[in-house]
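Each remark here refers to the structure printed beneath this line.
In this note's numbering, the protein residues as written are 155 to 406.
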């Protein structure tokens, strides 16, 4: 009966024939994966962040979400030629810049603004840009409060004054907000993966894949040689049995 299955021993012998090539392919794949993870993947996932507090001279409403609004990013970009290469359109559209508020009710809130590293050439540019973004939003809040203070307000009607309601206007000077940063230079958040772990995983995967490919390529030739050897051994056994029967007949 013709043998149609491949055994574990067959696989081991096929792998042994190509073990040098299999190891070389797996090592190269692991090295490439480690380099890609360390210098491309991880850098794209790293973030720069600044933590700050804002002190207003008056009770100025501050919607901190406006710090990362697209128009605020565009305005900050236009304020300095060093920011011309920063892609604020995709930064806002892809939500690659975020801001969070910390601090409970009645406490001085602090804010942390984070942006993906890939948009900046270095930490110095990121620091300068994020500060410009924050300070522009604070200035916008000041301007809005100043305009609100200048708007005319309708006085209530008092009959005993024997006059109609009047319009009254008031003015306000600059509120003089102060922004204080926790860091002089942006900090880095590492959201990447371990290059060693990635390389180890890729080594195992590449070893199995290369071994499978070589086994598939070499198996037909290996099977033919195995069948030829089996046939030769079978023929040799039949010849030996025939010789023993002939010798027994001659002895009789």
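All C-beta atoms in this analysis are idealised placements derived from N, C-alpha and C, irrespective of residue type, glycine included.
- Within 10 angstroms of the beta-carbon of residue 226 lie 16 or more other beta-carbons, which makes it buried.
- Shown here, residue 269 sits in a strand according to DSSP, grouped into three states.
- Taking C-alpha positions only, residue 232 is separated from residue 224 by approximately 12 angstroms.
- CA-CA distance, residue 201 to residue 285, rounds to 15 angstroms.
- Straight-line measurement puts the Cα of residue 333 at about 12 angstroms from the Cα of residue 216.
- Between residue 273 and residue 218, the gap from beta carbon to beta carbon reaches 8 angstroms or more.
- The DSSP-derived three-state label of residue 378 is helix.
- Classified as buried, residue 361 has 16 or more neighbouring CB atoms from the shown chains inside 10 Å of its CB.
- Under the three-pair Cβ rule at 8 angstroms, the segment 170 to 190 counts as touching the segment 363 to 373.
- In the three-state scheme derived from DSSP, where H, G and I count as helix and E and B as strand, residue 201 is classed as strand.
- By the neighbour-count criterion, in which a residue is buried when 16 or more other Cβ atoms sit within 10 angstroms of its Cβ, residue 296 is buried.
- When DSSP states are grouped into helix, strand and coil, residue 176 belongs to the helix group.
- Of the candidates 197, 353, 255, the residue whose Cα lies closest to the Cα of residue 342 is 197.
- Closest option to residue 194, judged by alpha-carbon separation, among 168, 292, 228, 344: 344.
- Here the alpha carbons of residue 204 and residue 181 stand approximately 40 angstroms from one another.
- Taking residue 249 as the centre and dropping the five residues before and after it, the same chain places no C-beta closer than 6 angstroms to its C-beta.
- According to the DSSP secondary-structure assignment, residue 222 is paired through a beta bridge with no residue.
- Beyond the five residues adjoining it in sequence on each side, residue 176 comes within less than 8 angstroms, by CB distance, of 169, 361, 364, 365, 368 in the same chain, given in chain order.
- Taking residue 254 as the centre and dropping the five residues before and after it, the same chain places the C-beta of 266 closer than 6 angstroms to its C-beta, in chain order.
- If you draw a straight line from the Cα of residue 187 to the Cα of residue 245, it comes to about 27 angstroms.
- DSSP, read as helix, strand or coil, puts residue 274 in coil.
- Between the alpha carbons of residue 354 and residue 183 lies a gap of roughly 10 angstroms.
- When the five nearest sequence neighbours on each side are left out, the beta carbons in the same chain lying within less than 8 angstroms of the beta carbon of residue 275 are those of 239, in order along the chain.
- Excluding its 5 nearest sequence neighbours in each direction, residue 237 has C-beta neighbours in its own chain below 6 angstroms: 231, 283, listed in chain order.
- In this structure, 281 is the residue among 356, 384, 281, 294 with its C-alpha nearest to the C-alpha of residue 337.
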